[in-house]
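Please read the structure below before turning to the comments.
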Amino acid sequence: MSLLQNVTFIARQYCGRRCSSIRSPLSAHRATLKPMPTTYQRRWITEVIGTPSISNEASSISLKDGNPATVKESSRDNTEVQKSIGSMDWSQYHPAILRDACRCARCVDPFSGQKNFQTTDIPENLEIASTEIMPDGSAIFRWSDDIAGWDESHATSLPADLIERLRHISKAQDYHSHAQPRAYWDADRIRKSLIYVNYGDYMNNEDALYLMLTAMNRQGLVILRGVPNLEGAVEKIAMRIGTIRDTFYGHTWDVKSKPEAKNVAYTSQFLGLHMDLLYMAKPPGVQFLHCLKNTCEGGTSLFTDSWKAAAQDLSAADRNLLSTFELPYHYENAGEHYYFRHPVVELGSSTGSLGPRDRKHVTIRHVNYSPPFQDIQHPITDDLSNNKKLFQQRMAALRNFAAALESENNLFEYKLQEGECVIFNNRRVLHGRRQFSTAGGERWLKGTYIDTDAIMSRCRVLEANPAVAKGKKHRTLVHEYGGNVFSSITADSSAD
Numbered sequence: 001m002s003l004l005q006n007v008t009f010i011a012r013q014y015c016g017r018r019c020s021s022i023r024s025p026l027s028a029h030r031a032t033l034k035p036m037p038t039t040y041q042r043r044w045i046t047e048v049i050g051t052p053s054i055s056n057e058a059s060s061i062s063l064k065d066g067n068p069a070t071v072k073e074s075s076r077d078n079t080e081v082q083k084s085i086g087s088m089d090w091s092q093y094h095p096a097i098l099r100d101a102c103r104c105a106r107c108v109d110p111f112s113g114q115k116n117f118q119t120t121d122i123p124e125n126l127e128i129a130s131t132e133i134m135p136d137g138s139a140i141f142r143w144s145d146d147i148a149g150w151d152e153s154h155a156t157s158l159p160a161d162l163i164e165r166l167r168h169i170s171k172a173q174d175y176h177s178h179a180q181p182r183a184y185w186d187a188d189r190i191r192k193s194l195i196y197v198n199y200g201d202y203m204n205n206e207d208a209l210y211l212m213l214t215a216m217n218r219q220g221l222v223i224l225r226g227v228p229n230l231e232g233a234v235e236k237i238a239m240r241i242g243t244i245r246d247t248f249y250g251h252t253w254d255v256k257s258k259p260e261a262k263n264v265a266y267t268s269q270f271l272g273l274h275m276d277l278l279y280m281a282k283p284p285g286v287q288f289l290h291c292l293k294n295t296c297e298g299g300t301s302l303f304t305d306s307w308k309a310a311a312q313d314l315s316a317a318d319r320n321l322l323s324t325f326e327l328p329y330h331y332e333n334a335g336e337h338y339y340f341r342h343p344v345v346e347l348g349s350s351t352g353s354l355g356p357r358d359r360k361h362v363t364i365r366h367v368n369y370s371p372p373f374q375d376i377q378h379p380i381t382d383d384l385s386n387n388k389k390l391f392q393q394r395m396a397a398l399r400n401f402a403a404a405l406e407s408e409n410n411l412f413e414y415k416l417q418e419g420e421c422v423i424f425n426n427r428r429v430l431h432g433r434r435q436f437s438t439a440g441g442e443r444w445l446k447g448t449y450i451d452t453d454a455i456m457s458r459c460r461v462l463e464a465n466p467a468v469a470k471g472k473k474h475r476t477l478v479h480e481y482g483g484n485v486f487s488s489i490t491a492d493s494s495a496d
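Position one of the sequence shown corresponds to residue 1 (UniProt numbering), numbered consecutively onward.
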């Protein structure tokens, strides 16, 4: 990695707030359930790990001039500034990396949060003139040849938590990524653990919003109940999190049977498991479907956890093969022509690379699977005689994946009721529906999308809000509701 890449990578890490793992307000109920396999998400990376431990012992920092400075924790009131820093040799870091991290009011505008200098403004011969370690674990640097216009009075102060991130690349990666446990599920597990949140709580209570978002990050699927029977309700639900993702389908859209439909979703026929808009370079991350009417026979919704199928039900050989070739998706209708190719399974690792030495750590980044919108397969190589063998291998892996997704154990069926809104991760949870008849009733869902970035941003903001209980102080009402656990958070849930 070049110096500029190194500087750019580190410079991206210093805003926001790392999110902690989930502590569900339904812990008493969850304790009685079958444990779910837990994974850990780093940005787009999911890796099976244990619970990280942080040393409470006093630690020392080795300065460039060789003079050590020992920093002892004074109390445990502020865990971020009191975590153990460990031995650190500043000579291992190019001075430009440390200078570029400065967040003082002169270097970073206090209102906009944007930098007032460019990384390339840092002098090539920059050196550390002095370093001072403070009682709270922060380090103050003064420079021998600072940026032009910055005089000798300027100093760079790096807080202890930032120093900790400089020491560990995984922590630097996690910092903006809302690192949280993920739980794979099958049909039995999601029936027992699916979170239902009351619409009024969700719209008016930050704790309820946080509960919903963390459940979304954990399982990729939640349901709101008590939603008003209004066409504009789904828009309000989505905008409670962030900006709606407009597409050629509109700001919001109707899922109902109509003649000469331009999309199979707008018919009454069976709709197989799929993800939406894979014919785009960046498909939307989260989908909302609000049930306004569902009085017809049939029309049960289908859901399955594609991450679970890819990570646990496929052989390593099949999983790796599905990550090496792309399926083409297209939409050519109604004056539109969209086309994009995605690998069926996108893999990542703890280092963000796919090097052979990291292969045992590779886990699921995204799944891209949408048979109704799949385009024709193109020849794999110019050597057409070899295509038959290659396609046979790919088709075998693809059949195994489809069988896992559609298996009775993994397929979760749920008939949405009027006043319910299902929210799910469109890059993880495949959805579909059974055929229905409009002869004796009507099925009408109102839908919209937001991007993954929006939901992650809202999680980070809530995690930084001290008034949000974050699952530690929730006062909850847990009772049976239609055969499922229903959680409603009281208005005073964030009070001490």
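Glycine included, each C-beta is placed from N, C-alpha and C at the ideal position. Only a predicted model underlies this, so the values are computations on that prediction, with no experimental measurement involved.
>> Tell me which residue opens and which closes the alpha helix (DSSP H) that A316 is part of.
In response: A316 to L322
>> By the three-class DSSP mapping on this structure, what secondary structure does residue 565 have?
In response: Summary: the structure shown does not reach residue 565, with the chain confined to residues 1 through 496, and so no result is reported for it.
>> In chain order, what are the residue ranges of uninterrupted beta strand (DSSP E) at least 3 long that sit wholly in the stretch 121-190?
In response: 128-133, 139-143, 156-158 and 181-183
>> Buried or exposed for H378, going by 16 or more other Cβ atoms inside 10 Å?
In response: exposed
>> So for I237, helix, strand or coil by DSSP?
In response: helix
>> Between the stretch 305-325 and the stretch 389-402, can you find at least three pairs of beta-carbon atoms closer than 8 Å?
In response: yes
> In whole angstroms, what separates the C-alpha of Q114 from that of L347?
Replying inline: 33 Å
> Around the C-beta of L211, are 16 or more other C-beta atoms found within 10 angstroms, so that it is buried, or is it exposed?
Replying inline: buried
>> Just to confirm, is the Cβ distance from K403 to I364 under 8 Å?
In response: Reading off the sequence shown, one finds Ala at residue 403, where the question assumed Lys. No.
> Which residue from L158, N116 and N229 puts its Cα closest to that of Q417?
Replying inline: N229
> Considering only C-alpha positions, which residue in the set Y184, L158 and D109 is nearest to T304?
Replying inline: Y184
>> Using C-beta distances below 6 Å, list every residue in its chain close to I190, excluding the 5 sequence neighbours before and after it, in chain order.
In response: F412
> When DSSP labels each residue in this structure, what does L292 get in the three-state scheme?
Replying inline: strand
> If you draw a straight line from the alpha carbon of K293 to that of H337, how long is it in whole angstroms?
Replying inline: 32 Å
> Just reading off the alpha helix (DSSP H) that D100 is part of, what are its end residues?
Replying inline: P95 to D100
> Is it the case that the Cβ atoms of S138 and A155 are separated by a distance below 8 Å?
Replying inline: no
> Identify the residues that DSSP records as bridge partners of E332: which are they?
Replying inline: H337
>> Once DSSP output is grouped into helix, strand and coil, what is the label at E420?
In response: coil
> By the 10 Å Cβ neighbour count, where 16 or more other Cβ atoms means buried, how is D276 classified, buried or exposed?
Replying inline: buried
>> In whole angstroms, give me the CA-to-CA distance for V197 and D375.
In response: 38 Å
> Leaving out the 5 sequence neighbours to the left and right, which residues in its chain are closer than 8 Å to D145 when beta-carbon positions are compared?
Replying inline: P123, N125, L126 and E127
>> Restricting to Cα atoms, I'd like to know which of N217, G200, T252 and D451 is closest to L194.
In response: N217
>> Check for me: the alpha helix (DSSP H) holding D462 runs from which residue to which?
In response: For the sequence presented, residue 462 should be read as Leu rather than Asp. Its alpha helix (DSSP H) spans residues T452 to A464.
> Any idea what DSSP makes of K115, helix, strand or coil?
Replying inline: strand
> How many angstroms separate the CA atom of S437 from the CA atom of L445?
Replying inline: 15 Å
>> DSSP three-state label for V264, please.
In response: helix
> Where does the unbroken beta strand (DSSP E) through F303 begin, and where does it stop?
Replying inline: S301 to D305
> Using a Cβ-Cβ cut-off of 7 Å (strictly less than) and excluding sequence neighbours within five positions of N130, which residues of its own chain qualify?
Replying inline: Note that residue 130 corresponds to Ser in the displayed sequence, not to Asn. Around S130: R142.
> Under the DSSP definition of a beta bridge, which residues are partnered with F436?
Replying inline: G298
> With residue 498 and G419 assumed to form a contact (beta carbons below 8 Å), what rounded beta-carbon distance in angstroms separates them?
Replying inline: The question about residue 498 has no answer here: the residues shown for the chain are numbered 1 through 496.
>> Could you compute how far the alpha carbon of Y199 sits from the alpha carbon of P343?
In response: 37 Å
> Which word fits Y339, buried or exposed, when buried means at least 16 other C-beta atoms lie within 10 angstroms of its C-beta?
Replying inline: exposed
> With 16 other CB atoms within 10 Å as the buried threshold, where does I140 fall?
Replying inline: exposed
>> For D207 and A439, which I take to be in contact (beta-carbon distance under 8 Å), what is that distance rounded to the nearest angstrom?
In response: Not confirmed; about 44 Å, so no contact.
> When the Cα of L289 is compared with those of K256, D313 and S268, which residue comes out closest?
Replying inline: K256
> Going by DSSP, what residues sit across from W253 in a beta bridge?
Replying inline: G447
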